[in-house]
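Chains as they are written, first to last, in the numbering used here: chain G, 166 to 275; chain B, 66 to 176.
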């Protein structure tokens with residue numbers, strides 16, 4: 166079945182440094198979604214990208230969908246301690262299922 | 066607005082005991098419903114999804130089962146829990162083809 170591979174598994178940064186997580190697929194994706202899960206919490210939807218080459222921004226977060234719709238990235242500029250958590254990419258397959266990448270766990274040192 | 070409720074929030078069960086986790090969604094009709102499991106520090110594994118009453122699709126062979134007795138009710142069950150069933154169980158809903166909205170989750174520890 167369709168899979169999305171996410172790297173890195175973990176990332177430790179100093180507060181103020183940038184952070185990027187990547188999501189890759191061997192097949193063309195109909196869409197890509199990004200979620201954030203705070204420690205001890207449940208995943209919360211951040212954004213969805215559907216168009217080839219699409220770029221969206223939410224304050225310090227920049228989301229990109231590749232031209233071939235096989236990869237995506239989430240970039241955080243100048244991380245803050247509130248950015249701590251696990252970031253998941255996900256894709257909806259056939260309208261019924263949403264499958265998730267393994268997640269990237271972000272640690273921010275103040 | 067739509068809301069999703071999941072309970073219990075925390076559960077400690079002995080090996081071999083039964084399990085029942087319940088989830089209800091309010092404010093929407095005919096949603097897709099899902100059960101995911103997350104092992105400690107790991108990703109989200111899709112266990113079951115349902116596109117309608119009585120319609121259950123299983124993603125992973127296991128000793129768990131799911132049922133959807135009503136449009137907005139989704140239940141995860143087991144007759145006999147294993148140690149490996151421990152984890153964080155998340156119920157979720159979506160409009161077909163759209164984003165996933167998760168419940169607060171249920172922490173299950175099998176001892």
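Virtual Cβ for every residue (Gly too), placed ideally from N, Cα, C. All values derive from a computational prediction rather than experimental measurement.
(request) Could you tell me whether the Cβ atoms of residue 137/B and residue 119/B are closer together than 8 Å? (result) no
(request) Output the residue ranges of the beta strand (DSSP E) runs that lie fully inside the stretch 95-130 of chain B and measure 3 residues or longer, sorted by chain position. (result) 97-103, 110-117, 120-123
(message) Just list the residues that DSSP pairs residue 169/B with in beta bridges.
(response) Beta-bridge pairing links residue 169/B to no other residue.
(message) Please confirm whether residue 170/B has its beta-carbon closer than 8 Å to some beta-carbon of chain G.
(response) Any Cβ of chain G closer than 8 Å to the Cβ of residue 170/B would place that residue at the interface, and such an atom is present.
(message) Can you give me the C-alpha to C-alpha distance between residue 237/G and residue 116/B, rounded to a whole angstrom?
(response) 28 Å
(request) Say whether chain G places a C-beta atom closer than 8 Å to the C-beta of residue 155/B. (result) yes
(request) Just confirm the distance between the C-beta atoms of residue 174/B and residue 77/B, as a whole number of angstroms; I'd bet it's less than 8 Å. (result) 5 Å
(request) Compute the Euclidean distance between the alpha carbons of residue 240/G and residue 144/B, then round it to the nearest angstrom. (result) 44 Å
(message) Need the endpoints of the beta strand (DSSP E) that residue 71/B sits in, please.
(response) 68-72
(message) With H, G and I counted as helix, E and B as strand and the rest as coil, what does DSSP make of residue 195/G?
(response) coil
(request) Leaving aside the five residues before and after residue 84/B along the sequence, list all residues of the same chain whose C-beta is less than 8 Å from its C-beta, in chain order. (result) 76, 78, 129, 141, 142, 143, 146, 150, 173
(message) Judging by CA-CA distance, which residue of 157/B, 93/B, 109/B is the nearest neighbour of residue 265/G?
(response) 109/B
(request) Using 10 angstroms around the beta-carbon of residue 250/G, count the other beta-carbons present and answer buried if the total reaches 16, otherwise exposed. (result) buried
(request) Determine, using beta carbons only, whether residue 233/G comes closer than 8 Å to chain B. (result) no
(request) Identify each residue in the stretch 197-215 of chain G for which the Cβ-Cβ distance to at least one residue of chain B is less than 7 Å, and report them in chain order. (result) Answer in chain order: 198, 207, 208, 210, 213.
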